[in-house]
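Heads up, the thing below is written out as structure tokens.
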Amino acid sequence: MGACESNRHLVDDGVMMLRVLALSLTLFTGFAQATVLQRPITLDTGSGELFGSLLLPKSDTPVPVVLIISGSGPTDRDGNNPDGGRNDSLKRLAWVLAKHNIASVRYDKRGVAASLAATPDERNLSVEAYVADAEAWGQKLNADPRFGKLILLGHSEGALIASLAAPNVDAAAVISMSGSARPIDQVLRQQLSNRLPPSLMLRSNELLDSLKAGHTDDNVPPQLQVIFRPSVQPYLISLFRQDPAAAFAKLKMPALIIQGSNDIQVGVGDAKALKAAKPDAELALIEGMNHVMRIVPNDVKRQLASYKDPQLPLAAELGARILGFIDGLRTR
Numbered sequence: 044m045g046a047c048e049s050n051r052h053l054v055d056d057g058v059m060m061l062r063v064l065a066l067s068l069t070l071f072t073g074f075a076q077a078t079v080l081q082r083p084i085t086l087d088t089g090s091g092e093l094f095g096s097l098l099l100p101k102s103d104t105p106v107p108v109v110l111i112i113s114g115s116g117p118t119d120r121d122g123n124n125p126d127g128g129r130n131d132s133l134k135r136l137a138w139v140l141a142k143h144n145i146a147s148v149r150y151d152k153r154g155v156a157a158s159l160a161a162t163p164d165e166r167n168l169s170v171e172a173y174v175a176d177a178e179a180w181g182q183k184l185n186a187d188p189r190f191g192k193l194i195l196l197g198h199s200e201g202a203l204i205a206s207l208a209a210p211n212v213d214a215a216a217v218i219s220m221s222g223s224a225r226p227i228d229q230v231l232r233q234q235l236s237n238r239l240p241p242s243l244m245l246r247s248n249e250l251l252d253s254l255k256a257g258h259t260d261d262n263v264p265p266q267l268q269v270i271f272r273p274s275v276q277p278y279l280i281s282l283f284r285q286d287p288a289a290a291f292a293k294l295k296m297p298a299l300i301i302q303g304s305n306d307i308q309v310g311v312g313d314a315k316a317l318k319a320a321k322p323d324a325e326l327a328l329i330e331g332m333n334h335v336m337r338i339v340p341n342d343v344k345r346q347l348a349s350y351k352d353p354q355l356p357l358a359a360e361l362g363a364r365i366l367g368f369i370d371g372l373r374t375r
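Structure follows, in structure tokens:
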């Protein structure tokens, strides 16, 4: 290699390093300088009031707004679950967006946390009701002059809700985080097969078959009550009717699929299946990231501990991929 060529490579490397440093400075100064309005926000659905949190960066022009939809069960607006622990994953994600001039609304689903009174009996919950609520939130945000493009971001089961709601609210984009591509009864079969003894697995499969066919079954062994208790079975019936990959394939707007390689609840295979269903979607596979958006080794104890540790930082690549995707919407 000649001296000139060697010097050219040094210059190229130097320019690249300066770009990386500039990006880092941009991210850090953005966090330091952003002024963010934090306010409660409510939605009257006509069948109960839902409660949420608004983060709105100070801006003279409309800013993009992300409607953040939480995952399954009693997971609240911040990503916390009384059964799984406090990790503040969705709350921390909302702040990443806010510090980069992107507004967000995250909310407690009906029957959960502050929105418990909207549907206090879980027998009356359904996927269809959750979708209708997401659509109502989307319409509210679309009508607010402070907001520009609307992006629906769903985590885990929330990814399905986002996919089903997006076409009816003129969403500019959808972000699926840790979303299953398979009907959820198939996911449960796989998860339970690794954890239950044969006798309970047999009964579990019988329950799944019954619910998939649209029938409740009150004969639930004590060990399986947490999943198949009679009061949650109507919701499971509504959930098992859905085909997440098919819903994702119908989306006409840009979409981003985010999946961590160390997610013990949803696998990389699901993310790739979503990509196959909608080939023009962007796919971000984040090495080492788990279900609560942290970089955690594939060790069961450390994984479970991360579900209860709000101080663990979010995966850095997660914020970078979401911010880059939303920024790219401005040119579409």
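Just so you know, this note's numbering puts 115 at position 72 of the sequence shown, and the rest follows in order with no gaps. We put the CB at the ideal spot given by N, CA and C, even for glycine.
Spatial neighbours of residue i within its chain, please: CB distance less than 7 Å, with the 5 preceding and 5 following residues excluded, ordered by chain position.
{"i": "leucine 239", "result": "Ser247"}
{"i": "leucine 326", "result": "Ile300, Ala314 and Lys318"}
{"i": "isoleucine 141", "result": "Looking at the sequence itself, residue 141 is alanine, so the reference to isoleucine does not match. Here the set comprises Ala77, Val79, Leu98, Pro100 and Ser147."}
{"i": "glutamate 165", "result": "Gly154, Ser274, Val275 and Tyr278"}
{"i": "isoleucine 227", "result": "Leu282 and Phe283"}
{"i": "alanine 179", "result": "Leu86 and Thr88"}
{"i": "serine 236", "result": "Met244"}
{"i": "lysine 192", "result": "Pro107, Ala215 and Leu372"}
{"i": "valine 311", "result": "Gln302, Ser304 and Leu328"}
{"i": "arginine 375", "result": "Pro297"}
{"i": "asparagine 185", "result": "Leu193, Val212 and Asp213"}
Helix, strand or coil for residue i? Go by DSSP, reduced to three states.
{"i": "aspartate 87", "result": "strand"}
{"i": "lysine 192", "result": "strand"}
{"i": "alanine 208", "result": "helix"}
{"i": "glycine 257", "result": "coil"}
{"i": "asparagine 237", "result": "coil"}
{"i": "valine 108", "result": "strand"}
{"i": "arginine 282", "result": "One point to set straight first is that residue 282 is leucine, not arginine, in the sequence displayed. Helix, per DSSP."}
{"i": "leucine 355", "result": "coil"}
{"i": "glycine 367", "result": "helix"}
{"i": "serine 247", "result": "helix"}
{"i": "arginine 82", "result": "strand"}
{"i": "arginine 375", "result": "coil"}
{"i": "alanine 216", "result": "strand"}
{"i": "isoleucine 145", "result": "coil"}
{"i": "leucine 70", "result": "For leucine 70, the predicted structure reports a pLDDT of 40, less than 50, and the residue's modelled location is therefore unreliable. The matter cannot be settled from this model."}
{"i": "isoleucine 307", "result": "coil"}
{"i": "leucine 294", "result": "coil"}
{"i": "glycine 312", "result": "helix"}
{"i": "asparagine 341", "result": "coil"}
{"i": "asparagine 167", "result": "helix"}
By the DSSP assignment, the beta strand (DSSP E) with residue i in it spans what residues?
{"i": "serine 223", "result": "No beta strand (DSSP E) holds serine 223; DSSP gives it neither H nor E."}
{"i": "glutamate 92", "result": "92-100"}
{"i": "tyrosine 350", "result": "Unbroken run through tyrosine 350: none, as it is neither H nor E."}
{"i": "glutamate 325", "result": "325-329"}
Whose C-beta lies closer than 6 Å to the C-beta of residue i among residues of the same chain, with five residues either side of it excluded?
{"i": "isoleucine 280", "result": "Leu254 and Gly257"}
{"i": "glutamine 229", "result": "none"}
{"i": "alanine 216", "result": "Ile194, Met296, Pro297 and Leu372"}
{"i": "phenylalanine 94", "result": "Thr85, Asp151, Ala157 and Ser158"}
{"i": "valine 263", "result": "Phe271"}
{"i": "aspartate 261", "result": "Pro273"}
{"i": "arginine 345", "result": "Val339"}
{"i": "leucine 168", "result": "Gly154, Thr162 and Tyr278"}
{"i": "proline 356", "result": "none"}
Tell me which residues share the same chain as residue i and place their Cβ nearer than 8 Å to its Cβ, disregarding the 5 neighbours each side in the sequence.
{"i": "valine 170", "result": "Leu203, Ile204, Leu207, Tyr278, Ser281, Leu282, Arg284 and Gln285"}
{"i": "alanine 161", "result": "Thr88, Ser90, Gly91, Glu92, Leu93, Arg153 and Gly154"}
Nearest CA to the CA of residue i: which residue from the options?
{"i": "aspartate 352", "options": "Glu360, Ala363 and Met336", "result": "Met336"}
{"i": "alanine 316", "options": "Ser242, Gln302 and Gln308", "result": "Gln302"}
{"i": "phenylalanine 368", "options": "Ala172, Ile145, Trp180 and Met332", "result": "Ile145"}
{"i": "leucine 347", "options": "Gly128, Leu110 and Leu86", "result": "Gly128"}
{"i": "threonine 259", "options": "Ser274, Leu267, Met296 and His334", "result": "Ser274"}
{"i": "leucine 328", "options": "Lys344, Asp306 and Pro340", "result": "Asp306"}
{"i": "aspartate 121", "options": "Tyr350, Asp342 and Ala172", "result": "Tyr350"}
{"i": "glycine 380", "options": "Pro117, Asn123 and Tyr173", "result": "With the chain covering 44 to 375 only, the question about residue 380 has no answer from this structure."}
{"i": "asparagine 211", "options": "Asp126, Arg364, Arg135 and Asp176", "result": "Asp176"}
{"i": "leucine 196", "options": "Ala161, Ala137 and Thr162", "result": "Ala137"}
{"i": "valine 106", "options": "Arg149, Arg189 and Lys183", "result": "Arg189"}
{"i": "phenylalanine 271", "options": "Leu250, Ala290 and Ala289", "result": "Leu250"}
{"i": "serine 115", "options": "Asp126, Val109 and Asp103", "result": "Asp126"}
{"i": "isoleucine 31", "options": "Ala320, Ser304 and Lys344", "result": "Outside the shown range of the chain (44 to 375) lies residue 31, about which nothing can therefore be said."}
{"i": "valine 324", "options": "Ala292, Gly331, Glu330 and Arg345", "result": "Per the sequence shown, the amino acid found at residue 324 is alanine instead of valine. Closest by alpha carbon: Ala292."}
{"i": "alanine 359", "options": "Pro163, Gly331, Thr162 and Val311", "result": "Gly331"}
{"i": "arginine 364", "options": "Ser132, Val139 and Asp131", "result": "Val139"}
{"i": "aspartate 187", "options": "Ala320, Ala288, Asp131 and Val108", "result": "Val108"}
{"i": "leucine 110", "options": "Arg345, Arg149, Pro83 and Ser96", "result": "Arg149"}
{"i": "alanine 290", "options": "Ala209, Leu133 and Pro117", "result": "Ala209"}
{"i": "valine 309", "options": "Pro322, Asp131, Asn333 and Lys321", "result": "Asn333"}
{"i": "glycine 362", "options": "Ser102, Asp103, Leu133 and Pro117", "result": "Leu133"}
{"i": "arginine 135", "options": "Pro287, Thr374, Gln354 and Asp370", "result": "Gln354"}
{"i": "glutamine 182", "options": "Asp213, Asn167 and Gln81", "result": "Asp213"}
{"i": "serine 113", "options": "Pro322, Asn130 and Arg232", "result": "Asn130"}
Indicate whether at least one CB of chain C lies closer than 7 Å to the CB of residue i.
{"i": "serine 242", "result": "Absent from the structure: chain C. Only one protein chain is present."}
Return yes when the C-beta of residue i is under 6 Å from any heavy atom of the ligand FMN, and no when it is not.
{"i": "valine 309", "result": "Summarising the ligand content, the structure contains no ligands, and the ligand FMN is consequently not present."}
Over what stretch of residues does the alpha helix (DSSP H) that includes residue i continue unbroken?
{"i": "alanine 179", "result": "170-185"}
{"i": "valine 269", "result": "268-271"}
When the Cβ atoms of the stretch 218-225 are set against those of the stretch 193-200, are three or more pairs found closer than 8 Å? With a cut-off of 8 Å on Cβ pairs, the stretch 218-225 is in contact with the stretch 193-200, counting three or more such pairs.
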